[in-house]
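Inspection log for the structure reproduced underneath, given as structure tokens.
Residue numbers (my numbering): 1 to 172.
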């Protein structure tokens, strides 16, 4: 009886301690703030200028996503370039993402980070790469066909032992 009461008291004490450590309604720092959310789609030049200022851009460079009902609002449409194309030797505020403080991030930033999509131009054109790949695959298929048509085997002879042991001579 006393052990059960001690167990109940211990559980109640742990619950009270947990309540005091993590207060209810504690805000996590990973959520996006209200100021960072896109506003309504700009319809007038004044609204466009205010949205460009909000995202630290020049009015000439600011172009919002089209108002197609996807919820982009006044968020700027940035070029579809991965972070591989940004200067690696520049002193970035956030070197992992190659971003500076206050710089607008691409809407699909999670797709264009450095360990995902690389949109930088390739040194060899796609036609050449495809020709090399399919040429290699065709050559390998041809070589496998030749190997099936004209098989070669290692010659097999009977075992030869250079020493004479009694039980080995019985093996032949």
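Cβ atoms here follow ideal geometry from the backbone N, Cα and C, with glycine treated the same way.
Top-ranked residue by Cα proximity to residue i, from the options
{"i": "residue 58", "options": "92, 68, 104, 89", "result": "104"}
{"i": "residue 118", "options": "2, 148, 146, 85", "result": "85"}
{"i": "residue 66", "options": "148, 40, 130, 49", "result": "40"}
{"i": "residue 76", "options": "93, 106, 156", "result": "106"}
{"i": "residue 38", "options": "157, 49, 54", "result": "54"}
{"i": "residue 120", "options": "97, 83, 88, 151", "result": "83"}
Rounded separation between residue i and residue j - CA only
{"i": "residue 99", "j": "residue 113", "result": "11 Å"}
{"i": "residue 74", "j": "residue 95", "result": "27 Å"}
{"i": "residue 124", "j": "residue 132", "result": "11 Å"}
{"i": "residue 102", "j": "residue 140", "result": "53 Å"}
{"i": "residue 4", "j": "residue 15", "result": "17 Å"}
{"i": "residue 154", "j": "residue 143", "result": "19 Å"}
{"i": "residue 47", "j": "residue 62", "result": "11 Å"}
{"i": "residue 148", "j": "residue 81", "result": "48 Å"}
{"i": "residue 34", "j": "residue 71", "result": "15 Å"}
{"i": "residue 127", "j": "residue 45", "result": "45 Å"}
{"i": "residue 60", "j": "residue 49", "result": "9 Å"}
{"i": "residue 97", "j": "residue 88", "result": "10 Å"}
Nonlocal neighbours in the same chain, by C-beta distance under 8 Å from residue i, ignoring five residues either side
{"i": "residue 111", "result": "117"}
Burial state of residue i (16 or more Cβ within 10 Å)
{"i": "residue 138", "result": "exposed"}
{"i": "residue 51", "result": "buried"}
{"i": "residue 64", "result": "buried"}
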